[in-house]
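There are 2 protein chains.
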Amino acid sequence: MKLSQGVEWMLHGVGVIAHAPPGTSVARRVLAEQYDLPEAYLAKHLKALVRAGILTATTGPAGGFRLARDPADITALEIVEAIEGSASPFVCQEIRQRGLVAVPPELCRRPCGISTVMDRAHQAWRESLRDVTVVDLMRLIPKSLRDKLVARLAANAR
Amino acid sequence: MKLSQGVEWMLHGVGVIAHAPPGTSVARRVLAEQYDLPEAYLAKHLKALVRAGILTATTGPAGGFRLARDPADITALEIVEAIEGSASPFVCQEIRQRGLVAVPPELCRRPCGISTVMDRAHQAWRESLRDVTVVDLMRLIPKSLRDKLVARLAANAR
DNA sequence: GAGTCTGTACTCGGATATCTTCTGTCCGAGTTCTCTAGG
DNA sequence: CCTAGAGAACTCGGACAGAAGATATCCGAGTACAGACTC
Numbered sequence: 003m004k005l006s007q008g009v010e011w012m013l014h015g016v017g018v019i020a021h022a023p024p025g026t027s028v029a030r031r032v033l034a035e036q037y038d039l040p041e042a043y044l045a046k047h048l049k050a051l052v053r054a055g056i057l058t059a060t061t062g063p064a065g066g067f068r069l070a071r072d073p074a075d076i077t078a079l080e081i082v083e084a085i086e087g088s089a090s091p092f093v094c095q096e097i098r099q100r101g102l103v104a105v106p107p108e109l110c111r112r113p114c115g116i117s118t119v120m121d122r123a124h125q126a127w128r129e130s131l132r133d134v135t136v137v138d139l140m141r142l143i144p145k146s147l148r149d150k151l152v153a154r155l156a157a158n159a160r
Numbered sequence: 003m004k005l006s007q008g009v010e011w012m013l014h015g016v017g018v019i020a021h022a023p024p025g026t027s028v029a030r031r032v033l034a035e036q037y038d039l040p041e042a043y044l045a046k047h048l049k050a051l052v053r054a055g056i057l058t059a060t061t062g063p064a065g066g067f068r069l070a071r072d073p074a075d076i077t078a079l080e081i082v083e084a085i086e087g088s089a090s091p092f093v094c095q096e097i098r099q100r101g102l103v104a105v106p107p108e109l110c111r112r113p114c115g116i117s118t119v120m121d122r123a124h125q126a127w128r129e130s131l132r133d134v135t136v137v138d139l140m141r142l143i144p145k146s147l148r149d150k151l152v153a154r155l156a157a158n159a160r
C-alpha cells in the first residue's frame with residue numbers, strides 16, 4: 003500500500019494556491035519552482051484536481067490555477083481522493099464463494115465480514131482526512147514564510 | 003493506493019487456520035483448495051506471516067501452518083501489516099525544504115504539518131484494525147459452514 | 001516378535017519471469033496581451 | 001493621439017515511453033512416517 007507522491011505535492015500545492023492574491027491564478031511553472039518539482043508531471047496531478055472540481059484552470063498569459071470553492075469547503079480528503087480515486091484500497095474478491103467450502107450465493111446478500119472490517123477502517127481514515135480543510139492547510143505554513151510566499155505570488159501575478 | 007490481494011487471502015486464511023483441531027497444522031495445499039487459490043503464490047504470503055510471528059510452520063508429511071499465539075492476541079492489523087509492511091502509505095519527501103521558498107532546516111525539527119495530518123489518518127486506520135482479533139475473524143464464518151470447515155480440517159490432519 | 005535402518009513422500013522456503021500501475025516526458029490547442037499600423 | 005487588427009508568447013490538456021512493485025511460478029532443502037531388514 004503506497005500513496006502516490008502526487009498526494010504530497012497537491013496538499014502542499016493547494017495550500018500555496020490558496021495564498022494567491024484574490025482574483026489571480028498561480029501558473030504551474032510558479033508552483034513547480036516553489037518546491038522544485040518536475041513541471042510536466044505536476045501538470046498531471048493538477049489536471050486531476052480540476053476534474054474533481056477543486057481547482058479551476060485558465061489558459062493564456064495570465065492563466066493558471068485557482069481554488070474553485072471557498073477554502074473552508076475543500077477538505078484534505080477531497081484532494082487525496084482526487085488523485086488516488088475514491089475506491090477503497092481493499093477490493094473484496096468474494097473468495098468465500100469459491101473453493102471447496104464455498105458459501106452459497108443466498109448467504110452472500112450481505113457483504114463479506116472481512117470486507118466490512120476493512121471498509122470500517124477505510125471510513126475511519128476518510129473521516130480523519132475529512133476533518134481537515136484547506137484553511138487548516140494554509141495555517142500549516144510558518145508565518146515568516148507565508149509573507150515571502152504571498153510576496154512571490156503577487157510578483158508572479160499579472 | 004491499493005492493498006495487495008494477499009491481505010484478503012490471509013484474513014480469510016488465518017480464520018481458517020484458527021479452526022484447525024488443537025495440535026494440528028493446516029497444509030498450504032489444503033488452504034489453497036479451500037478458496038481455490040494458486041498455491042505457490044499463497045506460499046509467499048504465508049511465509050510473510052511466519053516471519054511476522056503470527057504463524058508457525060512445520061515441515062514434513064504432517065506439517066503445515068498453525069497460529070503462533072492465542073487467537074485473541076492476534077489482531078487484523080498485525081496480519082495486514084505483515085503483508086503490506088508497517089510503513090505509512092504516505093512518505094513525506096520533505097519538499098518544504100526544497101525550491102525557492104525552502105523552509106530552513108532549523109524550522110524543520112518537527113515533522114511537516116502535512117505529514118502529521120496524513121499520519122493521524124493512518125493511525126485512525128490502524129486503530130480500527132487493531133480492534134479486530136482473530137477470534138472476531140473466526141466468528142465471521144457462518145455457523146453452518148463452520149461445521150463443514152472443521153470436518154474438512156480434521157479429515158486432512160494426520 | 002521387536003528394534004533399527006533406509007527410503008520415500010510430503011512439507012515449507014528462496015530465487016526467478018511476467019504484468020499492471022505509477023512515474024516521467026513531450027508536443028498540440030486555446031487564450032490573452034502587446035505591438036504596430038492606420039485613421 | 002486614439003483605435004483596431006494581427007502577431008506572438010504564454011497557458012493548460014491529452015497522448016506517449018520507462019521504471020518499480022505486485023503477481024505468478026518453479027525447483028531445491030528439510031523432516032516425519034512407513035516399510036523392510038536384521039537380531
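Quick note, the sequences are listed as chains A and E, same order. In the working numbering, each residue carries its 1-based index in the first sequence increased by 2. In the working numbering, each residue carries its 1-based index in the second sequence increased by 2. We put the beta carbon where it would ideally sit given N, CA and C, even for glycine.
In the structure shown, the three-state DSSP call for Thr61 (chain A) is coil.
If you check each beta-carbon in the segment 83 to 94 of chain A against every beta-carbon of chain E, the ones closer than 7 Å belong to Glu86, Pro91, Phe92, Cys94. Taking 9 Å as the upper bound on Cβ-Cβ separation, chain A lies near residues Arg141, Leu142, Ile143, Pro144, Ser146, Leu147, Lys150, Leu151, Arg154 of the segment 141 to 155 of chain E. DSSP places Arg112 (chain A) in the coil class of the three-state scheme, outside both helix and strand.
Cβ-Cβ separation between Leu151 (chain A) and Val18 (chain A): approximately 7 Å, consistent with a contact (criterion under 8 Å).
Remark: C-beta atoms of Leu48 (chain A) and Ala34 (chain A) do not approach each other more closely than 7 Å. According to the DSSP assignment, Arg68 (chain A) belongs to the beta strand (DSSP E) that extends over 66 to 69.
At a cut-off of 7 Å, the C-beta of Arg68 (chain E) has no neighbouring C-beta in chain A.
With a threshold of 7 Å between beta carbons, Ala159 (chain E) makes no contact with chain A. Assigned with DSSP and collapsed to three states, Val28 (chain E) falls in strand.
Identification of residues in the segment 29 to 42 of chain A having a C-beta nearer than 8 Å to some C-beta of chain E yields Glu35, Gln36, Tyr37, Asp38, Leu39, given in sequence order.
Comparing alpha-carbon positions, the option among A:Lys4, A:Arg154, A:Ala70, A:Gln95 lying closest to Thr58 (chain A) turns out to be A:Ala70.
Taking C-beta atoms as the reference points, Val136 (chain A) and Ile85 (chain A) fail to come closer than 7 Å. Going by C-alpha positions, Met12 (chain E) is about 11 Å away from Tyr37 (chain E).
Secondary structure note for Lys46 (chain A): its alpha helix (DSSP H) is the uninterrupted segment 41 to 53. Taking 8 Å as the upper bound for CB-CB distance, His14 (chain E) and Ile97 (chain A) are in contact here, some 6 Å apart. Using a Cβ distance threshold of 7 Å, Ala159 (chain E) and Pro63 (chain E) do not count as a contacting pair. Annotation: Ser27 (chain E) has no Cβ neighbours in chain A at a cutoff of 9 Å; minimum Cβ distance is about 18 Å.
In the DSSP assignment, Glu96 (chain A) falls outside any alpha helix (DSSP H), carrying neither H nor E.
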